[in-house]
Amino acid sequence: MLDPFYLIVDNAAWLARLLPCGVKLVQLRVKDLTGEPLRAEIAKARTLCDTHGAQLIVNDYWVEAIDLGCDYVHLGQGDLDTADLPAIRRAGLRLGLSTHDEKELERALACAPDYIALGPIYPTILKAMPFAPQGLARLGEWKRKIGSIPLVGIGGINLDRVAGVLEAGADSASVVTDISLNPDPEQRTRDWLAATRRFVA
1 MLDPFYLIVD NAAWLARLLP CGVKLVQLRV KDLTGEPLRA EIAKARTLCD
51 THGAQLIVND YWVEAIDLGC DYVHLGQGDL DTADLPAIRR AGLRLGLSTH
101 DEKELERALA CAPDYIALGP IYPTILKAMP FAPQGLARLG EWKRKIGSIP
151 LVGIGGINLD RVAGVLEAGA DSASVVTDIS LNPDPEQRTR DWLAATRRFV
201 A
């Protein structure tokens, strides 16, 4: 199972700040690096997560995740067009996949993922989305469809909404801007941890 608090950050410097608060699950979503700087960033994140006993999920960069001995990779639907899923499986990486509609869910399930993400649950300021907010009812619907596969809710989730997301059917709730744009990210992280502990399996 995934920890109910799923932190997403865009660089390893965030991990040095927030992992000491007690975070146990984090996705590194790097967008503006390539080559050796990208590899160095992933390696730094992996070392920090190992030190703090946290699971690291690498977004998109499955080749680097394999090369650097990471545990998890998260792929969007577009990434599935080019990712070598057999190579990912041979390397022992666990796989998370994004979904936004029934067709994408069907495609994701055919890949036998280790978790499925549904989003955006609420309107999000992080990026323009071609999909309307899914809402809490869709989380319950998705969970009934996927059974024991862990379900991650993503998109527009803040501290006031996290309990509702987890109660609606998500096993884990992801957060980006509610922490990264907060004036005190460390305290906000501790607040998230406190809010999600009763959902730990």
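Mapping the sequence shown onto UniProt numbering, position 18 (from 1) lands on 18, and the numbers just tick up by one. Cβ coordinates follow ideal geometry from the N, Cα and C atoms, glycine included. The model shown is predicted, which means the values in this text are computed figures rather than measured ones.
* May I ask you to verify whether the region 54 to 70 touches the region 106 to 113, counting CB pairs closer than 8 Å and requiring at least 3? => no
* **Status (buried if at least 16 other CB within 10 Å, exposed otherwise) for residue 196** => buried
* How about the region 87 to 104 and the region 18 to 26: do they share at least three Cβ pairs that are nearer than 8 Å? -> no
* Express the C-alpha separation of residue 155 and residue 198 in angstroms, rounding to a whole number. => 22 Å
* To do: Name, in chain order, the residues that DSSP records as bridge partners for residue 94.
  => 72
* **Cα-Cα separation between residue 178 and residue 125, rounded to whole angstroms** => 10 Å
* To do: Just tell me which of 159, 164 and 114 has its CA closest to the CA of residue 146.
  => 114
* If you check the beta carbons only, do residue 79 and residue 60 fall under 8 Å apart? -> yes
* Does the distance from the CB of residue 202 to the CB of residue 54 come in under 8 Å? -> Outside the displayed range of the chain (1 to 201) lies residue 202, so it cannot be described from this structure.
* By the 10 Å Cβ neighbour count, where 16 or more other Cβ atoms means buried, how is residue 200 classified, buried or exposed? -> With fewer than 16 neighbouring CB atoms inside 10 Å of its own CB, residue 200 falls in the exposed class.
* Of the residues 144, 48 and 35, the one placed nearest residue 15, counting alpha carbons only -> Ranking the options by Cα distance to residue 15, first place goes to 48.
* Asked: Taking the runs of the alpha helix (DSSP H) that are 4 residues or longer, which of them lie wholly in the region 18 to 67?
  -> 35 to 52 and 62 to 67
* Can you tell which of 190, 142, 119 and 140 has the C-alpha that lies nearest to the C-alpha of residue 131? -> Ranking 190, 142, 119 and 140 by Cα distance to residue 131 puts 119 first.
* Measure how close the beta-carbons of residue 172 and residue 3 come, nearest whole angstrom, since I'm counting them as under 8 Å. => Right, their Cβ atoms sit about 6 Å apart.
* Asked: Based on the DSSP output, what are the partners of residue 117 in its beta bridges?
  -> 98 and 152
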